[in-house]
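The structure under discussion appears below in the form of structure tokens.
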Amino acid sequence: MDDRIHQHASVLVDWSARITAGDNVVVNVAEGAHDLAVAVADVLGERGASLVMTYNSAEVSRAYLRGHETDFEPAPAHERALYDAADSVLILGGDRNTTATADVSGDTKQAAAQANKQIREARMSTDWVSTVHPTRALAQQAGMSYTQYQDFVYDAILRDWETLAEEMERLKRCLDDGSELRVVSDNGETDLTMSIEHRTAVNSAASVAYDSHNLPSGEVFTAPVETTVSGTVQFDVPMVIRDTRIRDAELTFEDGTVVDYDATAGVETLAQILNTDPGARQLGEVGIGMNRGIDQITNKILFDEKMGDTVHFAVGRAYDACLPANESGNESAVHVDLITDIGSGAQIEIDDEIIQRNGRFKWDPEFDPSGV
């Protein structure tokens, strides 16, 4: 086995999930993630954790969804009990077919997502971490050879997370101290403003110790005050969402709600997402990518939203970690990220101060707020 798989497993268990002896751990294994599951099981055994392993196959899901009516039972008791008893949930992604559910109707997917809301909430109440094992299907989706993709994945995952966490803390402080956030591009296609007052930014340093639940990570994100979002944003980074490629999506907000939308590809899927429930037309997250080990688009949100020189906005559910105590944020059955490139000809402002311009932060030596 490639030694990097063992390193991946150790980072996941020790740095990301912070698992210790006696923890009840559920490991959800995608059909292509067998080798990583073996390595993770080895580390969990050494740490003295209690392990339950579940199997996640997109082809199995397809069979179930196509055979089922749209009336799904919410929060089945046996599944809810599993997550209620878990301390940690490790989600090992690794698709063999990235479009396995492409022929499942949008209505069925939407109904299943709505019915799964309580299960998702129970899982997210644990110290959960999601990661991915490189597969040939994911390499193909990313437009890379398998060897090239393996190198890419491990460059993104096997990082000096402590050093990156220190840099991201600087951005977190800017967001925590700010009241209004604006993202604007020179070409005028993006100009979006929102309040972030009294919200808490998350230094997403790939560890539950930072309220961070993805490996790799490398972003700082917060939850806007959903009713304050105003303006238009164009997402120029293409993405595969619900087995459909969405390209050049554009959302226009008024008083926090999407009032107009379009895309050059995938507009029907975009409409299905926005029509899931009222909260799906509001923003639940704004995140700023800072992982420069991710240097190209892979059509995998786990990587792409963390890429340096990008900002992503998620329609739907807001994360509790960003909210004041006893305050609820935007609620929805979905949380879907869309990405825009701010590496050239764009800037991020907080309370009218430019904190990033052309992909460089104000503490970078190359930072030039004039954009020259």
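Heads up: the sequence shown begins at -7 in the working numbering, then just goes up one per residue.
C-beta atoms are modelled at their ideal positions from N, C-alpha and C, and glycine is treated no differently.
The structure displayed is predicted, hence computed values, not measured ones.
- CA-CA distance, V217 to T139, rounds to 43 Å.
- Per DSSP, reduced to three states, the secondary structure at E297 is coil, with no helix or strand assignment.
- D79 and D178 have their C-alpha atoms roughly 47 Å apart.
- Looking at D344, A77, V175, the one whose alpha-carbon comes closest to that of F305 is V175.
- Across the structure, E242 and Q226 are spaced so that their CA atoms are roughly 4 Å apart.
- Judged by DSSP secondary structure, I238 falls within the beta strand (DSSP E) whose first and last residues are 236 to 238.
- Around the C-beta of A255, 16 or more other C-beta atoms lie within 10 Å, and the residue is accordingly described as buried.
- Note that the stretch 286 to 293 does not touch the stretch 246 to 262; fewer than 3 beta-carbon pairs, one per stretch, sit closer than 8 Å.
- Residue environment for S320: exposed (fewer than 16 other C-beta atoms within 10 angstroms of its C-beta).
- For F227, the uninterrupted beta strand (DSSP E) segment begins and ends at 222 to 227.
- DSSP, read as helix, strand or coil, puts Q288 in coil.
- In the three-state reduction of the DSSP assignment, V232 falls in the strand class.
- Here T244 has T224, V251, D252 as same chain residues with Cβ atoms under 6 Å from its own Cβ, once five neighbours each way along the sequence are excluded.
- By the neighbour-count definition (other C-beta atoms within 10 Å, threshold 16), A193 is a buried residue.
- F144: member of the alpha helix (DSSP H) spanning 138 to 149, first to last residue.
- Counting only unbroken stretches of 3 or more residues, the beta strand (DSSP E) elements lying wholly within the stretch 14 to 60 are 16 to 22, 42 to 48, in sequence order.
- By DSSP's assignment, Y253 forms a beta bridge with L243.
- S122 places its beta carbon less than 9 Å from that of L207.
- Bridge partners of H327 according to DSSP: G308.
- Put simply, the stretch 72 to 90 touches the stretch 1 to 21. At least three CB pairs are less than 8 Å apart.
- Beta-bridge partners of G85 (DSSP): V124.
- Residue pairing by DSSP places T185 opposite R174, S222 in a beta bridge.
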